[in-house]
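> Per the numbering used here: the sequence shown = residues 599 to 739.
The beta carbon of each residue, even a glycine, is placed where N, CA and C say it ideally should be.
Here you go, one structure.
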Amino acid sequence: PMKYPAEVVVPEYRPGEFYSAVKGLEDMPEGGERCFVCYRLRLEKAAQYAAEHGFDYFCSTLSISPMKNAAKLNEIGEELSEIYPVKLLPSDFKKKGGYLRSIELSREYGLYRQNYCGCVFSKQEAERRESGKINPENSQN
Numbered sequence: 599p600m601k602y603p604a605e606v607v608v609p610e611y612r613p614g615e616f617y618s619a620v621k622g623l624e625d626m627p628e629g630g631e632r633c634f635v636c637y638r639l640r641l642e643k644a645a646q647y648a649a650e651h652g653f654d655y656f657c658s659t660l661s662i663s664p665m666k667n668a669a670k671l672n673e674i675g676e677e678l679s680e681i682y683p684v685k686l687l688p689s690d691f692k693k694k695g696g697y698l699r700s701i702e703l704s705r706e707y708g709l710y711r712q713n714y715c716g717c718v719f720s721k722q723e724a725e726r727r728e729s730g731k732i733n734p735e736n737s738q739n
């Protein structure tokens, strides 16, 4: 049994919002400006949901990834805290072994993991990296 039961909220899939938001940034490497626009889009959805459902705080699991810039995520979240009546719970879940723990838990519970963030542009970059067509050291984070 879970010590702190949590409801998983699955929002409606709206890829058009993402594509509109990142238009013109498609060729940016993962970890660049396109990602920052995506962070804002995702965090704003979380802040809106939290505000609409009476929560005091909002946060994101995005910071668990070593490819995600936790400082930038927290900066954007703080900006959104000025717009919505909810506070950001600042986080960097990859710290203190958090990323390694996420791998352990994923194995334990049979959770799917991938080597890209989830957007088609990041997937294409990961495929090029795996095929040796780009140097991983040239990617930003």
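Could you check whether residue 619 and residue 607 sit closer than 8 Å to each other, using their CB atoms as the reference points?
The answer is no: Cβ separation not under 8 Å.
> Just to confirm before moving on: does the CB-CB distance between residue 721 and residue 710 stay below 8 Å?
No, the Cβ-Cβ distance between residue 721 and residue 710 is not below 8 Å.
> In this structure, how does DSSP classify residue 698 when only helix, strand and coil are distinguished?
Residue state, collapsed to three classes: helix.
> The alpha helix (DSSP H) with residue 636 in it runs from where to where?
Taken as a continuous stretch (DSSP letters only), the alpha helix (DSSP H) holding residue 636 covers 631 to 650.
> The alpha helix (DSSP H) that contains residue 672, what's its start and end?
Per DSSP, residue 672 belongs to the alpha helix (DSSP H) from 668 to 679.
> Mind checking residue 726: buried by the 16 CB within 10 Å criterion, or exposed?
Exposed.
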